[in-house]
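Colleague: Here it is, the structure in full.
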Amino acid sequence: MEDRKIRVAITHGDTNGIGYEVIFKAFEDPMMLDLCTPIIYGSPKVASFHRKTMNLETPFSIIGSAEEAREGKLNLLATFDDEVKVELGVPTDESAEAAKKAMQRAKEDLQKGLYDVLVLAPVRPNPNPAKEDKSLLVMLGDRVRIGLVTNHLPIKDVAQALSMEKIAEKGRLFHTSLKRDFRISNPRLAVLALNPQEGTEEKDVIRPAIEAMEKEGIQAFGPFAADDFFGNHQYEYFDGVLAMYDDQGTVPFKTLSQEYGVKLKAGITAICTTPDHGPAFDIAGKGIASEDSLRHAIYTAVDIYRHRIDYDEPLAHPLPKLYHEKREDGEKVRFAIPKAKDSKTPQEE
0 MEDRKIRVAI THGDTNGIGY EVIFKAFEDP MMLDLCTPII YGSPKVASFH RKTMNLETPF
60 SIIGSAEEAR EGKLNLLATF DDEVKVELGV PTDESAEAAK KAMQRAKEDL QKGLYDVLVL
120 APVRPNPNPA KEDKSLLVML GDRVRIGLVT NHLPIKDVAQ ALSMEKIAEK GRLFHTSLKR
180 DFRISNPRLA VLALNPQEGT EEKDVIRPAI EAMEKEGIQA FGPFAADDFF GNHQYEYFDG
240 VLAMYDDQGT VPFKTLSQEY GVKLKAGITA ICTTPDHGPA FDIAGKGIAS EDSLRHAIYT
300 AVDIYRHRID YDEPLAHPLP KLYHEKREDG EKVRFAIPKA KDSKTPQEE
C-alpha cells in the first residue's frame with residue numbers, strides 16, 4: 000500500500016436533506032483528517048448555502064478532479080455546474096437529480112481507481128428498485144450485524160422469492176465478509192425462520208440451505224423464530240444474523256442500534272457504506288441532525304479497507320512447501336482414503 004492516507008469518497012446525497020449538515024459536522028473534528036483524505040462529490044454552491052444557513056464553520060477546498068485531493072483538507076469535488084435550487088426539507092426532482100449526478104461521477108472515478116472507499120450520504124429510496132443482485136445488504140451496529148436475503152420486496156412476494164440456493168449464496172457472502180472485512184476467523188451465523196411456527200419454507204428451503212452451508216464448513220445455525228431469537232437475546236451468541244426479509248431484520252436492528260447504524264453492501268469488489276438513515280427532510284436545516292451514523296460509516300469503510308489488505312496479502316504470497324515427497328519418476332501420486340471401520344461413536348469404541 001502506498002504511504003498515504005486512505006482516500007474516502009463521500010457523495011453529498013439529496014441536496015434538500017441533511018447530507019451536507021452531517022458531513023460538515025463529522026469533519027469539524029480535525030482528528031477525522033488524520034484518519035483519511037475525504038473527497039466530497041457534490042456542489043460548492045450548494046455546500047456553501049448549507050454551511051451558511053446552519054452557521055457551520057467547517058472549511059473545505061474546491062478541487063476539479065479527485066487527483067487534486069490534498070491530505071489534511073476537506074476536499075470538495077464539483078460534480079456538475081448546474082444551478083440547484085435548495086429547498087431544505089422539501090424533496091424535489093431537482094434535489095434527487097443532484098444526488099444522482101454526484102453518484103454517477105463517484106462511480107466513474109471508482110472505476111478509474113481514484114479513491115479507495117465510497118461512503119454514500121442519504122438519498123430517498125428508489126421507487127423502482129433494481130432487481131436483486133448477487134450482493135448482500137448488511138446492517139452494522141454496535142450490538143448486532145444483520146444481513147437480508149431479500150430486499151425491497153412486498154411481504155406477499157417473499158416466500159416465493161426464497162430458495163435453498165439463494166439463502167445458501169447469501170450465507171456464503173455473509174461468511175466471507177465476516178472473515179475478510181471484519182477479521183472474524185470462524186464466524187457463527189444464525190439463520191432466521193420465515194414463519195413464527197415451522198412450516199413448508201423452513202422444512203423444504205431454509206433447513207436444506209443451512210445443511211448446504213454446513214457441508215462447506217460454514218458454522219450456520221437455525222432456523223430460529225425471530226421473536227424468540229431477539230426477545231431472548233440469542234443474537235449475542237452469533238457474529239451475524241441472516242434475516243429473510245426487510246422488516247424481519249430492520250425492526251430489531253433499529254431497536255438495538257439506536258445511537259448509530261451503518262449499511263454495507265457485501266459481496267462486491269468495491270467497499271461501499273452508508274448511514275442507516277434517510278435524508279431526514281423533517282429536520283433538514285434545523286441544525287439538529289446527528290453525524291454519528293455518517294462518522295461510523297467512514298470508520299467502517301476505512302477499517303474494512305485495512306482488514307482486506309491484511310487478509311488478502313498472505314493469500315497472495317503463500318509460503319512455499321518446506322519439503323517435497325520423494326518418489327520414482329513416473330510414479331502416480333495417490334491419496335489413500337482409509338475405509339471407515341463402522342459408524343460407532345467415540346463413546347462406543
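Under numbering that gives the first Met the number 0, the residue at position 204 of the sequence shown is numbered 203, and the numbers go up by one with no gaps.
Every residue, glycine too, gets a C-beta built ideally from N, C-alpha and C.
Here the structure is a predicted model, which means the values were calculated and not measured.
#1: Would you call the segment 77-86 and the segment 229-245 in contact, with 3 or more CB pairs under 8 Å?
#2: Tell me where the alpha helix (DSSP H) around Gly170 begins and ends.
#3: Taking contact to mean at least 3 C-beta pairs separated by less than 8 Å, is the segment 99-110 in contact with the segment 36-44?
#4: Using a Cβ distance threshold of 8 Å, determine whether the segment 246-265 contacts the segment 26-34, with at least three qualifying pairs required.
#5: Exposed or buried, what is Gly71 when buried is set at 16 or more other beta-carbons lying within 10 Å of its beta-carbon?
#6: Give me the Cα-Cα distance between Gly12 and Met163, rounded to the nearest whole angstrom.
#7: Classify Lys325 as helix, strand or coil using the three-state DSSP reduction.
#8: I'd like the span of the alpha helix (DSSP H) that includes Tyr114, first residue to last.
#9: Would you call the segment 186-193 and the segment 300-313 touching, i.e. three or more CB-CB distances under 8 Å?
#10: Can you give me the start and stop residues for the alpha helix (DSSP H) that Leu354 sits inside?
#11: Is the segment 265-282 in contact with the segment 17-26, if contact means three or more CB pairs nearer than 8 Å?
#12: Quick one: give me the first and last residue of the alpha helix (DSSP H) that Tyr19 is part of.
#13: Identify whether Ser184 lies in helix, strand or coil by the three-state DSSP scheme.
#14: So what's Ala335 in DSSP terms, helix, strand or just coil?
#15: Taking its Cβ as the centre, do 16 or more other Cβ atoms sit within 10 Å of Val204, making it buried, or is it exposed?
#16: Is it right to say Ala105 is buried, meaning 16 or more other beta carbons lie within 10 angstroms of its own, or is it exposed?
#17: Look at the alpha carbon of Ile9 and the alpha carbon of Gly198, and state the distance between them as a whole number of angstroms.
#18: Kindly list the residues whose CB is nearer than 8 Å to the CB of Gly277, restricted to its own chain and excluding five residues on each side of it in sequence; keep chain order.
#19: Taking only three categories from DSSP, how would you classify Ser60?
#20: Does the segment 175-185 come within contact of the segment 151-165, defined as at least 3 CB pairs closer than 8 Å?
#21: Using 10 angstroms around the beta-carbon of His295, count the other beta-carbons present and answer buried if the total reaches 16, otherwise exposed.
#22: Could you work out which residue in Ile145, Val137, Leu76 and Pro90 is closest to Tyr114 when comparing CA atoms only?
#23: To the nearest angstrom, how far is the alpha carbon of Glu210 from that of Phe23?
#24: With the cut-off set at 8 Å, would you say Ile270 and Tyr304 are in Cβ contact?
#25: So, are the CB atoms of Val118 and Thr272 less than 8 Å apart?
#26: Buried or exposed for His232, please, with buried defined as at least 16 other CB atoms from any protein chain shown within 10 angstroms of its CB.
#27: Which residues does DSSP pair with Lys285 in a beta bridge?
#28: Look at the alpha carbon of Phe59 and the alpha carbon of Lys155, and state the distance between them as a whole number of angstroms.
#29: On the three-state DSSP scale, how would you describe Tyr298?
#30: Looking only at C-alpha atoms, which of Arg307, Ser64 and Val157 sits nearest to Asp246?
#31: On the DSSP bridge assignment, give the partners of Phe220 in chain order.
#32: Does DSSP put Ile270 in a helix, a strand or coil?
#33: In terms of DSSP beta bridges, what is Val261 paired with?
#34: Taking the straight line between their C-alpha atoms, what separation do you get for Leu152 and Ser134?
Modeller: Short version:
#1: no
#2: The count along the sequence shown starts at 1 and reaches residue 170 at position 171. Per DSSP, Gly170 belongs to the alpha helix (DSSP H) from Met163 to Arg179.
#3: yes
#4: Because the criterion of three Cβ pairs below 8 Å is not met, the segment 246-265 and the segment 26-34 do not touch.
#5: Taking the sequence shown and counting its residues from 1, the one referred to as residue 71 is at position 72. The residue is exposed, with fewer than 16 neighbouring Cβ atoms inside 10 Å.
#6: As a position in the sequence shown, residue 12 is number 13, starting the count at 1. As a position in the sequence shown, residue 163 is number 164, starting the count at 1. So the two alpha carbons sit approximately 36 Å from each other.
#7: On the sequence shown, position 326 is the one that residue 325 refers to. In this predicted model, Lys325 has a pLDDT of only 47, less than 50, meaning its place in the structure is not dependable enough to derive any value.
#8: If you number the sequence shown from 1, residue 114 lands on position 115. From DSSP, Tyr114 is part of no alpha helix (DSSP H); its letter is neither H nor E.
#9: no
#10: The question about residue 354 has no answer, for the chain in this structure spans 0 to 348.
#11: Contact holds: three or more Cβ-Cβ distances are below 8 Å.
#12: The residue you call residue 19 lines up with position 20 of the sequence shown. Note, Tyr19: alpha helix (DSSP H), Gly18 to Ala25.
#13: On the sequence shown, position 185 is the one that residue 184 refers to. Here Ser184 sits in coil by DSSP.
#14: Reading the sequence shown from its first residue, position 336 is the one you call residue 335. The predicted model places Ala335 with a pLDDT of 33, which falls under 50 and marks its position as unreliable, so this point remains unresolved.
#15: Walking along the sequence shown from the start, residue 204 turns up at place 205. So Val204 ends up on the buried side.
#16: Taking the first residue of the sequence shown as 1, we reach residue 105 at position 106. So Ala105 ends up on the buried side.
#17: Translated into the one-based positions of the sequence shown, residue 9 becomes position 10. Translated into the one-based positions of the sequence shown, residue 198 becomes position 199. Distance between the alpha carbons of Ile9 and Gly198: 44 Å.
#18: Along the sequence shown, one-based indexing puts residue 277 at 278. The answer, listed in chain order, is Gly16, Pro121, Val122, Arg123 and Pro124.
#19: If you number the sequence shown from 1, residue 60 lands on position 61. Ser60 falls in the strand class under three-state DSSP.
#20: no
#21: Within the sequence shown, residue 295 is the residue found at index 296, counting from 1. Flag for His295 reads buried.
#22: Residue 114 sits at position 115 when you count from the first residue of the sequence shown. Checking every option, the nearest Cα to that of Tyr114 belongs to Leu76.
#23: As a working note, residue 210 is residue 211 in the sequence shown. As a working note, residue 23 is residue 24 in the sequence shown. C-alpha separation (whole angstroms): 48 Å.
#24: The residue you call residue 270 lines up with position 271 of the sequence shown. The residue you call residue 304 lines up with position 305 of the sequence shown. Yes, the Cβ-Cβ distance between Ile270 and Tyr304 is below 8 Å.
#25: By one-based count along the sequence shown, residue 118 stands at place 119. By one-based count along the sequence shown, residue 272 stands at place 273. Yes, Cβ-Cβ distance for Val118 and Thr272 is below 8 Å.
#26: Taking the first residue of the sequence shown as position 1, residue 232 is located at position 233. Flag for His232 reads exposed.
#27: Numbered from its first residue, the sequence shown carries residue 285 at position 286. Note: Lys285 sits in no beta bridge, so no partner.
#28: Taking the first residue of the sequence shown as 1, we reach residue 59 at position 60. Taking the first residue of the sequence shown as 1, we reach residue 155 at position 156. Distance between the alpha carbons of Phe59 and Lys155: 48 Å.
#29: The residue you call residue 298 lines up with position 299 of the sequence shown. Correct three-state label for Tyr298: helix.
#30: In the sequence shown, counting from the first residue as 1, residue 246 sits at position 247. Selected option, being the one with the closest Cα: Val157.
#31: The residue labelled residue 220 in the question sits at position 221 within the sequence shown. Ala189.
#32: Your numbering for residue 270 matches position 271 in the sequence shown. The answer is coil: DSSP assigns Ile270 none of H, G, I, E or B.
#33: One-based indexing of the sequence shown puts residue 261 at position 262. Looking at the DSSP assignment, Val261 forms a beta bridge with Leu139 and Pro274.
#34: As a first step, residue 152 must be located in the sequence shown, where it is residue number 153. As a first step, residue 134 must be located in the sequence shown, where it is residue number 135. Their Cα atoms are separated by approximately 16 Å.
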